[in-house]
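So the sequence shown is numbered by our numbering: it starts at 30 and just counts up by one. We treat Cβ as the ideally placed atom computed from N, Cα and C, and that holds for glycine.
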Amino acid sequence: MNHINECILLVEDNPDDAELTKLALSRHGLDGRVTHVSDGMQALDYLYCRNEFTQRNGVNPALVLLDLKMPLLDGIGVLREIKGSEALHNIPVVILTSSTEPSDLLRAYDAGTNAYIAKPTEFSQFLSAMKHVCEFWMHINQTAPNRPGAGSRNTGFGDLH
Numbered sequence: 030m031n032h033i034n035e036c037i038l039l040v041e042d043n044p045d046d047a048e049l050t051k052l053a054l055s056r057h058g059l060d061g062r063v064t065h066v067s068d069g070m071q072a073l074d075y076l077y078c079r080n081e082f083t084q085r086n087g088v089n090p091a092l093v094l095l096d097l098k099m100p101l102l103d104g105i106g107v108l109r110e111i112k113g114s115e116a117l118h119n120i121p122v123v124i125l126t127s128s129t130e131p132s133d134l135l136r137a138y139d140a141g142t143n144a145y146i147a148k149p150t151e152f153s154q155f156l157s158a159m160k161h162v163c164e165f166w167m168h169i170n171q172t173a174p175n176r177p178g179a180g181s182r183n184t185g186f187g188d189l190h
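Set out below in structure tokens:
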């Protein structure tokens, strides 16, 4: 399935890493289809169409690329919220982080990540990794359709719609 009109949500607090990721994705035909937010709370605001994202069309992203170590709400907290939400749990989430710590891998998979990628330090290897991410998640993988009317969730992060 080709997710031609769907976007990728990039959740990354480091501006340099975010720019490199967007550049790598643009080289694989996803220019203009990446929405970047810089912390976990912004990610939830985007997904639940809250605050500055109230005018968003409400269509779930085809993929979430999620850093682990971020301010306000870390990647594991975001991942748990996504996978615990009836409206969001089918969105594929790929952890994209510099951590290779076994404890981080375990926590991410326990929380429901679909894949875990340790960011390569060489740009050519990073480009290759992003090529494979794009190929699989945006062209081969078939995502579930949005669930209409899943309603709101009351969590520790406020009322989530």
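Query - Stretch pair the stretch 106 to 124 + the stretch 143 to 156: three plus CB contacts closer than 8 Å - result: yes
**Report entry** Element boundaries [beta strand (DSSP E), containing LEU92]
**Finding:** 92 to 95
Query raised in the report: Taking buried to mean at least 16 other C-beta atoms within 10 Å of its own C-beta, is PHE152 buried or exposed?
Result: exposed
Query raised in the report: How long is the line joining the alpha carbons of THR126 and ALA137, rounded to whole angstroms?
Result: 11 Å
Query raised in the report: Which partner residues does THR83 have in the DSSP bridge list?
Result: DSSP lists no partner for THR83.
Requested in this report: Taking THR99 as the reference, give the member of GLY113, ALA47, THR172 with the closest Cα.
Outcome: Checking the sequence shown, residue 99 turns out to be Met, not Thr. With distances taken between Cα atoms, MET99 lies closest to ALA47.
Query raised in the report: Mind checking PRO44: buried by the 16 CB within 10 Å criterion, or exposed?
Result: exposed
Report task. Assign ALA47 to one of three DSSP states: helix, strand, or coil. Result -> helix
Requested in this report: Could you tell me which uninterrupted alpha helix (DSSP H) segments, each at least 4 residues in length, are contained entirely in the stretch 85 to 171, listed from first to last along the chain?
Outcome: 104 to 113, 131 to 140, 152 to 162
Query raised in the report: Can you name, in chain order, every residue of its own chain whose Cβ lies under 6 Å from the Cβ of LEU92, other than the five neighbours on each side?
Result: ILE37, PRO121, TRP166
Report task. Assign GLU41 to one of two classes, buried (16 or more other C-beta atoms within 10 Å of its C-beta) or exposed (fewer than that). Result -> buried
Requested in this report: Could you tell me if ILE33 is buried or exposed, where buried requires 16 or more neighbouring beta carbons within 10 angstroms of its beta carbon?
Outcome: At ILE33, the pLDDT of 47 sits below 50, so the modelled position is not reliable; the number obtained from the coordinates is stated separately. Flag for ILE33 reads exposed.
Report task. Report the residue from CYS78, THR83, MET70 whose alpha carbon sits nearest the alpha carbon of ARG109. Result -> MET70
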